[in-house]
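**Q** So that we are looking at the same thing, I have put the structure below in structure tokens.
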Amino acid sequence: MSEVLIKLRGVRNAFGTTVVHENLDLDIYRGEIIGLIGGSGSGKSVLLKSIVGLIRPSAGTIEVAGHNALSTDPAEREELERSWGVTFQDGALFSSLTVLENVMVPIIEHQRDVPPEIVERLARLKIALAALPADAAAKYPSELSGGMRKRAAVARALALDPQILFFDEPTAGLDPISAAEFDQLVLTLSRSLGLTVVVITHDLDTLYTICDRVAVLGNKHILTIGPLSEVEHNEDPWIQSYFQGPRGRAAADTRAQVQSQAATAATANEG
Amino acid sequence: MTAADSPNFEWSEASRLRLSGHWSLQRLGAVWPRVRAPTGEVSAVDGSEISALDTAGAMALLLLLGGPQELPPLEGFRPADQALLELVQQRSLKQRPDRAKPDWGILPLLERIGQTMANALEQGRLLLGFIGLVLETIGAVLIGRRRLRLTAAVHHMETTGLDAVPIVCLLSFLVGAVVAYLGATVLAGFGAQVFTVELVNFAFLREFGVLLTAILVAGRSGSAFTAEIGAMKSGQEIDAIRTLGMDPIELLVLPRILALLLMMPVLSFLATLSGMVGGALVGIIELDISPGLYLTRMQDTTELRHLWVGLFKAPVFAFLIAVVGCLEGLKVAGSAASVGQHTTASVVQTIFLVIMVDAMFAIFFMKIGL
């Protein structure tokens, strides 16, 4: 986990006179799952959008996999856009296409040398990788539940075999069971496909379950970044109230319980 | 992309498969056409020269192996690649390439015709029901059981009436000028150029003034009603209004209907004037009819009843536009896409209704000799 895959230096984002980010630095390593948290309006989504090129920062540099992410050179942009997949809050699937067609679109557009029947097989594979049932492929996004739509969005984000997956609030609006399943999906995909995952989330359970590191956005820059065990003991008042509030403690307790149970089970097995 | 990197495979003796190169989606272009299932048993796969493997590469490899239930012995794969391969193998077993083919034939055609007819009837029934509901609410307002929302009505009078004045006047003016040109060109053939005056005035007083206004208002305000109410519906604001014990018809629909009922006649009157001015300008400047002659001719031939025939229709159209616009807004279900569909439906229906009712009025007024 030593190679820096995404590198932000001195990034500044401002809308009119409102400065969202000022002199923001961030390193994301290959293969890690990093959680991005921060209060409402702290610019988490803006940061994600500036990395994937939907918003152009007014200053600073962004490098993704060795490419300049602010480049406007078409060839370099193509390389960049293939290197990441983005999953938006409610999926952002194309509503006039079936799930299968949604996943086929990026492959057809970007990889013209793949024969049509292979494109369909690839798309079905991605749908299976996103743990969607096979009969979801022929359905339209409006016929799917919220959780299934998010999985379909993951399948589409995986279409071009990216190295990085971005998630904007992946578990928002899901029931706790679907949310936990989604967390597991992200974890499985990241580990088995070697993906680097950047998750914007408010879900403390997600943070405790899947994130290797957590970056806290606040005061226009990254307040702190590190493993959860370090971040939750940070002195900053916002971070304190975030992790030490009733919900934060509950999630931490569950996590600790699960770990101790696993430990007891492990010792029992050894014995 | 060097040649050494491009993915390749070869079958060696004893049905061993040897792979080399960069097995990723981006570079597999040359490999796909050569991928086919093996003829016999595969004894082993040698992956020691693979430099990269992604899910597309893994799928190509599985296709080469004929999509087996169990993988043959893998040799020399990196652990990560092997894990990926196993994951893809497990998941691809669950694939089921089936696609519902669209059904062509006479039966689906008949079915669609039937559906469309049933839909049209249902729309008509809904519209009549809604008109009834609106009239009932108006009645309740009149006997004081419900309140009239004057502030909202005045707001809608501004947006649908006052704000529409420039565009309605400009367009009527232009159409007036065009009609005058057209009339003059045709009538000149009979040496009856001076009848252009009657043509323009009759057309605008009886038909064009109110019809142009109705079409513009349908496109401008009817669609706005649908979009506003539709956005509120999809944001559950209508539900909120109901749960708070208020009536969306009283709160949202009546002020809009009232505003249009009051403003359409005014707009139609302005449109009629603008059209007549447009026609007069063309007549005077381009066709060399002197202003004096034009005005005298107008006074001699044009009776006031034509204006009443035209303006009589304005409130009727206003009611139709407002009712259809609001009803379509209330029909919105769920997503933002639905708002768009119903806005389109609202404009199409109102313009259709306005022109149809106008035609019926034209026949009616002719028959009763007005």
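These protein sequences, in sequence, are chains A and B.
Residue numbering for the first sequence follows my numbering, beginning at 60 and increasing consecutively.
Residue numbering for the second sequence follows my numbering, beginning at 938 and increasing consecutively.
Note that CB positions come from ideal geometry on N, CA and C, so glycine has one too.
#1: CB-CB under 8 Å to B/V1291, same chain, minus the five flanking residues each way: which ones, in chain order?
#2: For a test of the three-state rule: what should DSSP assign to B/E1165, helix, strand or coil?
#3: Report the residue ranges of all alpha helix (DSSP H) runs contained in full by the stretch 186-242 of chain A; include only those spanning at least 4 residues, in chain order.
#4: Out of curiosity, what's the CA-to-CA distance linking A/H261 and B/L1022?
#5: If you check the beta carbons only, do B/G1220 and B/G1113 fall under 7 Å apart?
#6: Three or more C-beta pairs closer than 8 Å, one from the stretch 186-198 of chain A and one from the stretch 221-230 of chain A: is that the case here?
#7: Between B/G1098 and chain A, is the shortest Cβ-Cβ distance under 7 Å, so that the two count as touching?
#8: Tell me whether the beta-carbon of B/A1396 lies closer than 7 Å to the beta-carbon of B/V972.
#9: Could you tell me which chain A residues have their CB closer than 7 Å to the CB of B/M996, listed as they occur along the chain?
#10: Pick out the complete alpha helix (DSSP H) segments inside the stretch 1010-1077 of chain B, 4 residues or longer, and give them in chain order.
#11: Based on DSSP bridge pairs, tell me the residues matched to A/T283.
#12: Under 7 Å between C-beta atoms, does A/S117 make it to chain B?
#13: As a quick exercise: from B/S961, B/I1104, B/V1091 and B/M1293, pick the residue whose alpha carbon is nearest that of B/L1199.
#14: Rounded to a whole number of angstroms, what is the C-alpha to C-alpha distance between A/V28 and B/L1024?
#15: Of all the residues that make up the stretch 1164-1193 of chain B, which are near chain A by a beta-carbon distance shorter than 9 Å?
#16: Tell me the DSSP secondary structure of A/T157 in three-state form.
#17: Which residues in the same chain have their Cβ closer than 6 Å to the Cβ of A/V340, if we skip the five residues on either side of it in sequence?
#18: Going by the DSSP bridge assignment, what does A/K66 pair with across the sheet?
#19: Going by CA-CA distance only, name the one from A/R250, A/L263 and A/R89 that's closest to A/P235.
#20: Between the alpha carbons of B/A1164 and A/G206, how many angstroms are there, rounded?
#21: Going by DSSP in three states, B/R955 sits in which element: helix, strand or coil?
#22: In the stretch 1228-1304 of chain B, which residue ranges form an unbroken alpha helix (DSSP H) of at least 4 residues, counting only runs that do not cross its ends?
#23: I want to verify the contact list: residues of chain B whose CB lies under 7 Å from the CB of A/I177, in sequence order.
#24: Where does A/V317 land, buried or exposed, given buried means 16+ other C-beta within 10 angstroms?
#25: Apart from the five residues just before and just after B/T1088, which ones in its own chain have a Cβ nearer than 7 Å to its Cβ?
#26: For B/R1143, count neighbouring Cβ atoms within 10 angstroms of its own Cβ and tell me buried if that reaches 16, exposed if not.
#27: Leaving out five residues before and five after B/K1268 in sequence, what residues of the same chain have Cβ atoms less than 6 Å from its Cβ?
#28: Beta-carbon within less than 6 Å of A/I65's beta-carbon, same chain only, minus the 5 sequence neighbours each way: which residues are those?
#29: How would you list, in chain order, the residues of chain A whose beta-carbon sits under 7 Å from the beta-carbon of B/R1028?
#30: Kindly list, in the order they appear in chain A, the residues whose Cβ is closer than 7 Å to that of B/L962.
#31: I believe A/L159 touches A/I121 by the beta-carbon criterion, under 8 Å. Please report the beta-carbon distance rounded to the nearest angstrom.
#32: Given a cut-off of 7 Å, decide if A/A196 and A/I186 are closer than it, judged by their beta-carbon atoms.
#33: Would A/P133 pass as an interface residue toward chain B - the criterion being a Cβ-Cβ separation below 7 Å?
#34: Mind checking whether the beta-carbon of A/G102 lies closer than 6 Å to any heavy atom of the ligand NAD?
#35: With distances taken between CB atoms, is the gap from B/F1110 to B/S1211 smaller than 7 Å?
#36: Which term fits B/M1201, buried or exposed, when burial requires 16 or more other beta carbons within 10 angstroms of its beta carbon?
**A** Judging by the given coordinates:
#1: L1148, A1151, I1152, A1155, F1254, L1257 and I1258
#2: helix
#3: 205-216
#4: 34 Å
#5: no
#6: no
#7: no
#8: Residue coverage of chain B in this structure runs from 938 to 1307, which leaves residue 1396 of chain B outside it and unanswerable.
#9: R180, L181 and L184
#10: 1016-1030
#11: A/V275
#12: no
#13: B/V1091
#14: Any answer about residue 28 of chain A is impossible in this case: the structure gives chain A only from 60 up to 330.
#15: none
#16: coil
#17: For residue 340 of chain A there is no data in the structure shown, the boundaries of chain A being 60 and 330.
#18: A/D86 and A/E122
#19: A/L263
#20: 29 Å
#21: strand
#22: 1228-1238, 1241-1268 and 1273-1304
#23: W969
#24: exposed
#25: none
#26: buried
#27: H1279
#28: I87 and V123
#29: L184, A187 and L188
#30: Q170, L219 and D220
#31: Contact flag wrong, Cβ pair sits at about 34 Å.
#32: yes
#33: no
#34: No copy of the ligand NAD occurs in the structure displayed, which carries no ligand at all.
#35: yes
#36: buried
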